[in-house]
Each structure stands twice: as C-alpha cells, then as structure tokens.
Amino acid sequence: MLKTPSLSCISHTVIGPFYAGFIAVLILLSVSSVTTFAQGEWVPDELLVGFRGGISAEQAENVYRAHGANKIEEIRRINVHRIKVPAHALDAIEHSLSRRPEIKFVERNRRVAPDQLPNDPSYPNQWHLPKIDADLAWEFSEGLPEVVIAILDSGVDPAHPDLAAKLVSGFNFYNYNTDTTDGYGHGTKVAGAAAAIGNNGTGVASVAWRNSIMPIRVTDTAGYGYYSTIANGLTYAVDHGAKVMNVSFAAVAGSGTIQSAAQYVMNHGGLVVAAAGNCGCFDSTAENPYILSVSGTDQYDNLASWSSRGTYVDLSAPGVSIYTTTNGGGYAAVSGTSFSSPITAGVVALMISVNPGLSPAQIESLLESNADDFGAAGYDTLYGFGRVNAHRAVAAAASTNPLPDTMPPSASITAPANGATVNGIVQVAVSASDDTGVSRVDLYLDGNLHSSDNTAPYSFFWDTTLVNDGSHSLVARAVDAGGNVGTSATVSVSVNNAPDSISPTVNISAVGVSRHKLTVNVSATDNVGVTKVELYVDDQLKATDTSNPYSFSLNVKSISNGTHTLQARAYDAAGNVGISSPVPFSK
Numbered sequence: 144m145l146k147t148p149s150l151s152c153i154s155h156t157v158i159g160p161f162y163a164g165f166i167a168v169l170i171l172l173s174v175s176s177v178t179t180f181a182q183g184e185w186v187p188d189e190l191l192v193g194f195r196g197g198i199s200a201e202q203a204e205n206v207y208r209a210h211g212a213n214k215i216e217e218i219r220r221i222n223v224h225r226i227k228v229p230a231h232a233l234d235a236i237e238h239s240l241s242r243r244p245e246i247k248f249v250e251r252n253r254r255v256a257p258d259q260l261p262n263d264p265s266y267p268n269q270w271h272l273p274k275i276d277a278d279l280a281w282e283f284s285e286g287l288p289e290v291v292i293a294i295l296d297s298g299v300d301p302a303h304p305d306l307a308a309k310l311v312s313g314f315n316f317y318n319y320n321t322d323t324t325d326g327y328g329h330g331t332k333v334a335g336a337a338a339a340i341g342n343n344g345t346g347v348a349s350v351a352w353r354n355s356i357m358p359i360r361v362t363d364t365a366g367y368g369y370y371s372t373i374a375n376g377l378t379y380a381v382d383h384g385a386k387v388m389n390v391s392f393a394a395v396a397g398s399g400t401i402q403s404a405a406q407y408v409m410n411h412g413g414l415v416v417a418a419a420g421n422c423g424c425f426d427s428t429a430e431n432p433y434i435l436s437v438s439g440t441d442q443y444d445n446l447a448s449w450s451s452r453g454t455y456v457d458l459s460a461p462g463v464s465i466y467t468t469t470n471g472g473g474y475a476a477v478s479g480t481s482f483s484s485p486i487t488a489g490v491v492a493l494m495i496s497v498n499p500g501l502s503p504a505q506i507e508s509l510l511e512s513n514a515d516d517f518g519a520a521g522y523d524t525l526y527g528f529g530r531v532n533a534h535r536a537v538a539a540a541a542s543t544n545p546l547p548d549t550m551p552p553s554a555s556i557t558a559p560a561n562g563a564t565v566n567g568i569v570q571v572a573v574s575a576s577d578d579t580g581v582s583r584v585d586l587y588l589d590g591n592l593h594s595s596d597n598t599a600p601y602s603f604f605w606d607t608t609l610v611n612d613g614s615h616s617l618v619a620r621a622v623d624a625g626g627n628v629g630t631s632a633t634v635s636v637s638v639n640n641a642p643d644s645i646s647p648t649v650n651i652s653a654v655g656v657s658r659h660k661l662t663v664n665v666s667a668t669d670n671v672g673v674t675k676v677e678l679y680v681d682d683q684l685k686a687t688d689t690s691n692p693y694s695f696s697l698n699v700k701s702i703s704n705g706t707h708t709l710q711a712r713a714y715d716a717a718g719n720v721g722i723s724s725p726v727p728f729s730k
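Everything in the sequence shown is counted per the working numbering, starting at 144 for the first residue and increasing by one.
This is the structure in structure tokens:
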C-alpha cells in the first residue's frame, strides 16, 4: 500500500554508513531497453508545500486546512508538507497557497514513469571500465566499505552474489518499512553499475568494488516514485551516514522539494549526482547547484542519441550497453543515463575513499577539472565539463589537501530595510553564502533566537503583532558545516500596529481635455500606504487605479457639453478615505 508517494522514475542510491552526504541522482536503463524517466504525471490530489522559517507545524497545518487541505506527512528536515486536497480544487488551492506569506513554494507531487528504448542486450563486456581508466584508479583504491553509496530506487536484490555481501541497512519510503527488496528490477541494475563486487570470480565488476550499498526504496512495484519519497530518501540517507547518493530519475533537478533535500545533503557534507534523462532533446531545466547531473555517452565517446542535454548537465559518463547485475541473480547489458550516474557515483566513492576529508565542493571541482573534454572546448550542454575520468579524478583526490574551513559565511538581511516601519505579518529575507555551503541561517529578534531556516532562499515569517510597538532589532547568523558563523549587520525597524486612523492625502494634479478624451493625474500619499485611487465625474465613479503614479484616461463623448466636476478618493488598507478638492472642467 502506498504510504508516501514517489517519483515514477527508477533509480538506486549507494551510501556509506559512516560518512554523511554525497548523493548521486541517476537514471537507469532496463535489461533489454533504455530506461528513462518520461515527462511525468501529477498526483491529482496532492501538493508539496515548503514553509518559511518561523512557522510551526501547527501554524502550517492551519494555513492549508483553511483551504480545505489535510496533511499526509511532513518532511521535517526541509520544512516541506505533503498535503491532500480536493482534486477538483487543485488549481485554485495551489494558486491561493502560492500567495501566502508563510510559504516559500508550492508544487504538485510529480509521478515520473520510465520510458523504454531499444537496446542490445547481448553486449557481454564491460567496455566502460577501461574507457574511464577505472583500472588505473584502482591502483589508488578499490574503495572502502565504510564509504557507502545510497541507491534511491526500486530496492536491491538481497541475494545477488555480486551484491549481497555489500548491503547495509536501508529503508523503504514507499511502504514505510525496512523491506528494501527490489520490487521492480531497476535498482539492482543501478547498484551493480556503481558497486558490484570485483575480483571475486563471479559475474561483473564495478567502479567501486569494495564500497558498501545502502538500498533506499522510493518506488512501487511498477517502478513509479514521487518527489516526496525521493526527498525523504535523501535526507534519511545523509542522516544515516551516506556520502554518495544515486538517484536515477529524470525531472528531479527542477523540483523545489528535491532541491531543498539536495541542499540539506550538501550542507551536511554530501553530494547529489543525478541522471540527466533520456529524452534525446534539449531540456530547459535550470542548472541546480546542489545536484550533479550526468548525461550518457557510447563506446566512442559520442553523446548517446537518447541522452538529454541542457545547461543543467555537469558531466557525462558511459551509458550504452553497460553490463550489470539484474534481479534474481542474473546479468544483462542495459543503457541509459540511469547507469551513467551510478558509474559517476562510484568514482565519487573512490575519491572519498582515498581522501575522506574532501568537501563536496572539492569533489565536484576535481571531477569536472579532470574529465576528458569532448564536444566544444570547455563546458558545453552535451557533455558538461566532459566525460568522467576515474583515474585522473581519484589521483587528484589523493594528492589534494582538504581545505581547512575557517572562513565564516557572509550574511545580510535584504528585507525589511534598516529604519523601516513595519506592521502585521513581515517576511524577513536573508542572503547568505559560503565557500563550502551554508548549513542554516538563524534569525535573532532583539537578541533572542526567533527561528531558523536550512534551505535557500532563506526567509522568515515574523508576526509583529506578538511584540510591542516601537523599535526592534533583527540580526541574521549564517552557520556552515565547519561551525563557522557569519553575522549580518543589525537591521533596526519600528513596529507600529496601532489602529490606522489617518486618511490618505489626495489631490488632482493635472487635467486635460481633447475632443472626447479626458486625462487626469492624481497624487496620493498615506502614512502606511495607498491601496487604490478612484476618480469621480459629477459624483459618479468612472475609474480606479491601484498603482502609483495614478493616471486616468476617459472617453467623455457621452458626457453633455458644459462644466463638470472631478473629484478623487484615495483609500488605505485600513479603509480610511481621503477626498480631494473638487476640480471643474469644461467640455
């Protein structure tokens, strides 16, 4: 029974139990076909809602319950709620929630299904290992069991002779239990591409021979998963010691929910590697700074015809006829970026094995700077920074000194402005950056911790009616993984929640009449703010303007000749009305 939705893509992630964080999100291909994650379907009655810092679980529930929705689950690490809404009202509720000040983002829970492309299942050898110089990389390390690769997918065959001895405890986020048996077959293939046992006289070898595998099941028996199960899997894996996570799903880099989860992983020392996809087209997904996306290449270092390309692609790796493990103890050749990503994840695991002190940023930089450059010189949207080279990347990792993290993050409050007068509900926005990544931002009100936010963009919900009117100070403190703290300049604001009884000031500043056209300019000001200005002709409402400068253009053909009277009325949010002096005009 589905307890928590999952993305309809098939992928598997391998994670080390003693090391937190590198996640690879990848796309796998099936035994006799290329598995891709097609343009997906949306769960017809579910939304994922990301809340700002300062919102309690109870407050969050009150927000969407007022719209007729109910909580299914909360992804606590990233403050995202998965909610059930009436299917007929999905569009309206999504729109209404997106306008709420408490909310960062709202998106539909997406289901992504695997596509199938023809492939040659008879390719018997593992051409991809010498192609990326894996044999030379093994001279540095064949991997360490304590560096675990998490495979977020359909599960892993627990009895496969090339995998069984490598499995560590994982979790099933589809059924919410510990049964991570492969219910579809995709995850076992992905796991074998990343970390099948090598040098054991059985079956196949892989990039990371000795690294352990953590199976995280995020799909149903048909291979369907959801944004929510993948996000749950990512945060679980890094919290349980994973450094590398492989997610072989397409269409994940553009999800706000998964981006928040991937940022959480990176902030806790991990890296997410994702499959670029198998659409064979240019994908307009924006570059995601928290996910390493991998396209697929063939035996001749050409981009595979089915591989997606776009500005979000970071690297490429072999993805055609990859011989790997299959459910039930077998082996087969498979194709797709679902396998390009676990191959890359395996290289990441080797890099961490030779130098566990490297930061996620260093790992990504070394991978990209030591890739074999194909296509246009330098970065391009087909190969990214190039096709991964395991030997050069691992050698560079072995010779690179981990950078001591002594530099604090930078932090600044971008809203409200220093000296501003505020009232009611205020959104406090903070800009924070760091050379290794910001773990969280804390907001202090008058020297006391108000709330925290651990995903960008950093923003907070402040109900000023809970404090006394008068001067108050806001300070933001950004914390990185090394414990370094950067403190913003103090922003002083004046809270004024006293009832607004002051009417706007309004006057008609210019009038022009030309044949049948009347133009009028109105100036209006208010101590809090003008919400609208109305224009009257002979005490009859003719037009309304809600934005400054307030200007009107009327067709007065139907107005009789002679002298008439203009008057303007300005309103504020409290309902106070200011009325201008009457101004005559002649037609």
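Here a beta-carbon is modelled for each residue, glycine too, at the ideal position from N, C-alpha and C.
Check the DSSP bridge columns for E250 and list the partner residues they point to. L191
Own chain partners of A558 with C-beta closer than 6 Å, once the 5 adjacent residues on each side are dropped: A572
According to DSSP, residues forming a beta bridge with K227: E189, N213
Look up K386 in the DSSP assignment and say whether it is helix, strand or coil. DSSP places K386 outside both helix and strand once states are collapsed to three, so it counts as coil.
Within-7 Å CB hit, A520 to chain D: In the structure shown, chain D does not exist; there is a single protein chain.
Tell me which residue opens and which closes the beta strand (DSSP E) that V350 is part of. Run containing V350: none; DSSP gives neither H nor E here.
Quick one: what does DSSP say P273 is sitting in, helix, strand or coil? helix
If we ignore side chains and look at the alpha-carbon of each, how far apart do R220 and Y433 end up? 16 Å
For a test of the three-state rule: what should DSSP assign to Q442, helix, strand or coil? coil
Can you find the residues in the same chain that come closer than 8 Å, C-beta to C-beta, to G613, ignoring five residues on each side of it along the sequence? S637, V638.
If you pair each beta-carbon of the region 483–494 with each one of the region 281–301, do three or more pairs fall below 8 Å? yes
What would DSSP say about S173, mapped onto helix, strand or coil? With a pLDDT of 37 at S173, under the threshold of 50, the modelled position of that residue is not reliable, and no figure is offered here.
Could you check whether S582 and D548 sit closer than 7 Å to each other, using their CB atoms as the reference points? no
Alpha-carbon to alpha-carbon, R195 and D715: 28 Å
Taking the alpha-carbon positions, what's the V628 to A235 distance? 42 Å
With distances taken Cα to Cα, identify the nearest neighbour of Q202 among A713, I651, V665, D606. D606
Residue range of the alpha helix (DSSP H) that K332 falls in? 329–338
Does the region 308–316 come within contact of the region 523–543, defined as at least 3 CB pairs closer than 8 Å? no
Alpha carbon to alpha carbon, how far is S644 from D669? Using only the alpha carbons, I get a separation of about 11 Å.
Could you give the residue range of the beta strand (DSSP E) that holds I294? Counting along the chain, the beta strand (DSSP E) containing I294 begins and ends at 292–296.
Could you please give me the residues that DSSP links to G196 through a beta bridge? F603
Quick check on the burial criterion: 16 or more other C-beta atoms within 10 angstroms. Buried or exposed for Q269? buried
Straight-line gap, G335 to A447 (C-alpha atoms, nearest Å): 21 Å
For V565, is the classification buried or exposed, using 16 other Cβ atoms within 10 angstroms of its Cβ as the cut-off for buried? buried
Check whether the Cβ atoms of G286 and R353 sit closer than 7 Å, and answer yes or no. Going by C-beta atoms, G286 is nearer than 7 Å to R353.
Own chain partners of P600 with C-beta closer than 6 Å, once the 5 adjacent residues on each side are dropped: none
Proximity of T468 and T331 at Cβ, strictly below 7 Å: Yes; because the gap between Cβ atoms is below 7 Å, this pair is in contact.
Cα-Cα separation, S173 to D523: Only weak support is given to the placement of S173: the predicted model assigns it a pLDDT of 37, under 50, and the value that follows is read from those uncertain coordinates. C-alpha separation (whole angstroms): 28 Å.
By the 10 Å Cβ neighbour count, where 16 or more other Cβ atoms means buried, how is W281 classified, buried or exposed? buried
I'd like to know whether the C-beta atoms of V665 and A711 end up nearer to each other than 7 Å. Closer than 7 Å, so yes.
Three-state class that DSSP yields for L501 in the structure shown: coil
Answer yes or no: do I401 and V395 have a C-beta to C-beta separation smaller than 7 Å? V395 is positioned such that its CB atom lies closer than 7 Å to that of I401.
State the beta-bridge partners of L509 as determined by DSSP. DSSP lists no partner for L509.
Alpha-carbon spacing of P551 relative to L501, whole angstroms: 18 Å
Kindly indicate which residue of F604, S508, A212, V569 has the alpha-carbon position closest to the one of N640. The option with the nearest alpha carbon to N640 is V569.
Tell me whether A302 is buried or exposed, calling it buried when 16 or more other Cβ atoms sit within 10 Å of its Cβ. Exposed, by the Cβ-count rule.
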